[in-house]
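First residue of the sequence shown? That's 23 in the numbering used here, and the numbers climb one at a time after it. First up is the structure itself, then whatever we jot down about it.
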Amino acid sequence: MNDRAGGGDIHALRRPAGQPALRAGGCQVRLAERAAFDRQAPGPIREGLGTARERGLNVLLTGASGFIGRNVASALAAAGHRLKPASRRHGIDYCRMQAEADWLPHLAGVDAVINSVGIIGESGSQRFEPLHRTAPSALFRACAQAGIRRVLQISALGADASAFSAYHLSKRAADDCLRSLDLDWFVLRPSLIYGRGGKSADLFMRLATLPLIPVIGDGQQALQPVHISDVVATVLQSLSTSTTRQTLDVVGNEAITFADWLQSMRQAQGLPRAAMFHIPLPLALALARLGRHFSPLLQPENLRMLQAGYRADVQPLTRFLGRMPLAVETRLFFSDLVPTGRP
Ligand SMILES: NC(=O)c1ccc[n+]([C@@H]2O[C@H](COP(=O)([O-])OP(=O)(O)OC[C@H]3O[C@@H](n4cnc5c(N)ncnc54)[C@H](OP(=O)(O)O)[C@@H]3O)[C@@H](O)[C@H]2O)c1
């Protein structure tokens, strides 16, 4: 469980001598990098992951241009791994990657796969079923066929037996597919993630600047936000540990109410506490039905998920990382990868 080589504390990661630390969020994964990967990548990997880890892993990272993906990409590069980024801007659209055969050509030379593609609301051709369930499931089965054993799925807290939203149900379907395969899999279920550049955290930041803060009902919904650096640390640890086949809830070490969450975001922006504007749930749902035409984030189901809260036991993650994840601090709202205080 405490096999920390190449994972865990992101600031203890291996970096080639003389190469400066990469700042997460500043890492632009470009087509040129993908081409470099393709040139370096050997044929199908027949060596064990241990040997591959010593020379750095070839990692297919889907969703590489997203909030989680950018930060994971930076940390992987800093640790000496090679990336094959995938997303629409890298020429891979999940809507057209629905079968194993679509993925196999992209898996040559790959040692490990991280799936970090996702949407929070449906719009146009961006639907939960093809993006969250069918394409990732095809990818996971293709990994099994290609002999790529280490596969990480970024799922979401709540994608469990209690799931009721189309978002969570589609995530859980892909999680179940991965768990059914004979692979060294990890299903990581992050809570609400905060840090520089996150879409939902940005929306809450903007909400927090209003003179009256809108909350659903009493605003006492319990959240357990997790900082992006702890998500990245969990991903890196999952790549290197020998204790595989784990489903982990990736949560921060303390719960906070939705109202206090928004107040601390005000504080982070140098604003005094503000009065709350309490919106009854039925009215909030009706407003969200209108709002979804303006932003995919504003969906009635997202409000219902918020109302249900985002909480989980932090102990399994603490044991996995060998330390507590970070507690919410205002300075962290504007940071991505931060020192953990470990040597
Ligand atoms: N952020 C959070 O608070 C949070 C919490 C729990 C779970 N998660 C899960 O973590 C995953 C990533 O979240 P995130 O915050 O990094 O999201 P994000 O910033 O919106 O990034 C989404 C990524 O998916 C890619 N993508 C979207 N549609 C695609 C398509 N049709 N084909 C290929 N790639 C596509 C995007 O790239 P292109 O636009 O270039 O295609 C981008 O790289 C999601 O599954 C999300 O549900 C996030």
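Even glycine gets a Cβ: it sits at the ideal position worked out from N, Cα and C. Because the structure is a prediction, the values reported are computed rather than measured.
A straight-line Cα-Cα distance of about 18 Å links V237 and R314. Three or more beta-carbon pairs separated by less than 8 Å are not found between the region 163 to 171 and the region 248 to 259, which leaves the two stretches without contact.
One alpha carbon belongs to A157, the other to G274, and they sit about 29 Å apart. Residue pairing by DSSP puts F299 in a beta bridge opposite P236.
Here S184 is exposed. Its C-beta has fewer than 16 other C-beta atoms within 10 Å.
Y332 and R211 have their C-alpha atoms some 11 Å from each other.
Per DSSP, R104 is one residue of the beta strand (DSSP E) stretching across R104 to A108.
When the beta-carbon positions are compared, H103 and G85 stay at least 8 Å from each other.
Rounded to whole angstroms, A130 and A188 show a C-alpha spacing of 33 Å. Around the C-beta of F226, 16 or more other C-beta atoms lie within 10 Å, and the residue is accordingly described as buried. Between the alpha carbons of P294 and L82 lies a gap of roughly 45 Å. Out of Q259, D224 and A277, the CA that lies nearest to the CA of V248 is found in A277. Separation of the CB atoms of V94 and S138 is rounded to 7 Å, and the pair is thereby assigned contact status at 8 Å. Between the beta-carbon of H154 and that of A108 there is about 15 Å, and that puts the pair past the 8 Å contact cut. As computed with DSSP, A244 is found in a beta bridge with T279. In chain order, L245, P247 and Y332 place their CB closer than 6 Å to the CB of L214, counting only its own chain and leaving out the 5 sequence neighbours on each side.
Non-local C-beta neighbours of Q242 in its own chain, meaning closer than 6 Å and more than five positions away in sequence, comprise T279, ordered along the chain.
Separation of P152 and C117 (C-alpha to C-alpha, rounded to the nearest whole angstrom) is 6 Å. Inclusion of I250 and M298 in the CB contact set at 8 Å is not warranted, their separation being larger than that value.
Taken in chain order, the whole alpha helix (DSSP H) runs of length 4 or more contained in the region 136 to 183 are 157 to 168. Going by beta carbons, T269 and V209 fall inside the 8 Å limit. Checking the 7 Å criterion, the Cβ of I278 is out of range of every heavy atom belonging to ligand 1. In this structure T263 is buried. Its beta-carbon is surrounded by 16 or more other beta-carbon atoms within 10 angstroms.
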